[in-house]
Amino acid sequence: MFKLRAGISVLLTKVSPSLNVVRNSSVRAFSVSPVICKRTTPILYNPLPSTEAERVNGKQKIKNIEPYSREKSPLTSLLNKNAKWSEDVHTSDPTFFSRSAQKQSPNILWIGCSDSRVSAEQIVGAGPGELFVHRNIANLCIHTDLNCLSVIQYAVDVLKIEHIIVCGHYGCGGINAAMHPEPLGLIDNWLVKIKDVYAANKEKFEGINDQKSREDLLAELNVGDTVQSICHTAIVQQAWKRGQKVSVHGWMYEVEDGLINELGWCVSSSEQLESVYVYENPRPLKHQRHKNIESKE
Ligand SMILES: [Zn+2]
459 MFKLRAGISV
469 LLTKVSPSLN
479 VVRNSSVRAF
489 SVSPVICKRT
499 TPILYNPLPS
509 TEAERVNGKQ
519 KIKNIEPYSR
529 EKSPLTSLLN
539 KNAKWSEDVH
549 TSDPTFFSRS
559 AQKQSPNILW
569 IGCSDSRVSA
579 EQIVGAGPGE
589 LFVHRNIANL
599 CIHTDLNCLS
609 VIQYAVDVLK
619 IEHIIVCGHY
629 GCGGINAAMH
639 PEPLGLIDNW
649 LVKIKDVYAA
659 NKEKFEGIND
669 QKSREDLLAE
679 LNVGDTVQSI
689 CHTAIVQQAW
699 KRGQKVSVHG
709 WMYEVEDGLI
719 NELGWCVSSS
729 EQLESVYVYE
739 NPRPLKHQRH
749 KNIESKE
């Protein structure tokens, strides 16, 4: 971590002289309290002006900011809870952070909703290092979303995770919004994927008049759609092709009692997919491009 931070600070100094690297700043808004952690982390980059001249000349990129003490931070309670948590972990497991700093090797990729009530680690009792997490509104996997695809690719190809859990939840605001006609702005473009799921499964909603039941059914179907969408990526199919074990699971979290409902979606091979989605011999795009160029020549 220290090497990474140092690297970033060197880079910042080179590309932008207006950015100021401060090694002994009096402003330590992001450091753990020295009372709790004896080895304080040096602040390598401080966005605040370090001298009066810099402040007057307006060299900082963010204007009109003044240093304030930790006690006056609007997020003091969070910072204090963090310090307490760090202290507790130090006490119960003195080598935890030194081990954690070495590397991460999670075995599970979690794709869940951004909803503040569905905190991935908390609801399954996992600690730092156990889950590789991606969250977005209504836990979608859209094949033009480079963010989600990059997370899946890194998790599968580099971290070699064995399980991908798609966890939706009952009472999902994204599902609710997708079922109502009022426009909400930019997010409507994101939610249209959920409308597609509804339209493709319209007959399953016949006879269900209660709105909450309809939304909960759509939330479950949406998890199933995301499971399939992940399996339809060449990333996952390449992993299966080379013999790597990857299983994609569908879960639903109930916000009313905190329990998880396993939907029975568990896909572990291309044989479980609709044939039109199966790549005969999935390979990285650069290889395909190379092959095309050769064939033209
Ligand atoms: Zn949600």
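Okay, so the sequence shown: first residue is 459 according to our numbering, each after it adds one. Virtual Cβ for every residue (Gly too), placed ideally from N, Cα, C. Please read all numbers here as calculations on a predicted model, not as lab measurements.
Which of the three DSSP states is assigned to residue i in this structure?
{"i": "residue 604", "result": "helix"}
{"i": "residue 593", "result": "strand"}
{"i": "residue 599", "result": "coil"}
{"i": "residue 720", "result": "strand"}
{"i": "residue 725", "result": "strand"}
{"i": "residue 649", "result": "helix"}
{"i": "residue 700", "result": "coil"}
{"i": "residue 611", "result": "helix"}
{"i": "residue 654", "result": "helix"}
{"i": "residue 631", "result": "helix"}
{"i": "residue 584", "result": "coil"}
{"i": "residue 735", "result": "helix"}
{"i": "residue 641", "result": "coil"}
{"i": "residue 714", "result": "coil"}
{"i": "residue 528", "result": "helix"}
{"i": "residue 692", "result": "helix"}
Return yes when the C-beta of residue i is under 7 Å from any heavy atom of ligand 1, and no when it is not.
{"i": "residue 638", "result": "no"}
{"i": "residue 682", "result": "no"}
{"i": "residue 674", "result": "no"}
{"i": "residue 573", "result": "yes"}
{"i": "residue 592", "result": "no"}
{"i": "residue 596", "result": "yes"}
{"i": "residue 630", "result": "yes"}
{"i": "residue 627", "result": "yes"}
If you count every other CB in all the chains shown that lies within 10 Å of the CB of residue i, and 16 or more means buried, which is it?
{"i": "residue 626", "result": "buried"}
{"i": "residue 735", "result": "exposed"}
{"i": "residue 739", "result": "exposed"}
{"i": "residue 616", "result": "exposed"}
{"i": "residue 638", "result": "exposed"}
{"i": "residue 687", "result": "buried"}
{"i": "residue 714", "result": "exposed"}
{"i": "residue 707", "result": "buried"}
{"i": "residue 673", "result": "buried"}
{"i": "residue 641", "result": "exposed"}
{"i": "residue 619", "result": "buried"}
{"i": "residue 646", "result": "exposed"}
{"i": "residue 668", "result": "exposed"}
{"i": "residue 539", "result": "exposed"}
{"i": "residue 573", "result": "buried"}
{"i": "residue 767", "result": "The question about residue 767 has no answer, for the chain in this structure spans 459 to 755."}
{"i": "residue 649", "result": "buried"}
{"i": "residue 426", "result": "In the structure as shown, the chain starts at 459 and stops at 755, and residue 426 therefore has no counterpart that could be examined."}
{"i": "residue 632", "result": "buried"}
{"i": "residue 691", "result": "buried"}
{"i": "residue 724", "result": "exposed"}
{"i": "residue 697", "result": "buried"}
Could you spell out where the beta strand (DSSP E) holding residue i opens and where it closes?
{"i": "residue 711", "result": "705 to 711"}
{"i": "residue 625", "result": "621 to 627"}
List the endpoints of the continuous alpha helix (DSSP H) containing residue i.
{"i": "residue 536", "result": "534 to 550"}
{"i": "residue 689", "result": "669 to 689"}
{"i": "residue 570", "result": "Careful: residue 570 lies outside any alpha helix (DSSP H), inside the beta strand (DSSP E) at 566 to 571."}
{"i": "residue 666", "result": "It is not in any alpha helix (DSSP H) - residue 666 carries neither H nor E in the DSSP assignment."}
{"i": "residue 618", "result": "Here residue 618 belongs to no alpha helix (DSSP H), and DSSP marks it neither H nor E."}
{"i": "residue 557", "result": "554 to 560"}
{"i": "residue 578", "result": "578 to 581"}
With residue i and residue j assumed to form a contact (beta carbons below 8 Å), what rounded beta-carbon distance in angstroms separates them?
{"i": "residue 775", "j": "residue 628", "result": "The shown model of the chain, from 459 to 755, leaves out residue 775, and the question about it has no answer."}
{"i": "residue 666", "j": "residue 679", "result": "Actually they are not in contact, since the Cβ atoms of residue 666 and residue 679 sit about 12 Å apart, beyond 8 Å."}
{"i": "residue 587", "j": "residue 564", "result": "6 Å"}
{"i": "residue 441", "j": "residue 609", "result": "In the structure as shown, the chain begins at 459 and stops at 755. Residue 441 is therefore absent and cannot be evaluated."}
{"i": "residue 581", "j": "residue 716", "result": "7 Å"}
{"i": "residue 589", "j": "residue 566", "result": "5 Å"}
{"i": "residue 570", "j": "residue 597", "result": "5 Å"}
Spell out whether any CB of chain D is found under 8 Å from the CB atom of residue i.
{"i": "residue 671", "result": "Judged by its chain identifiers, the structure shown contains no chain D, having just a single protein chain."}
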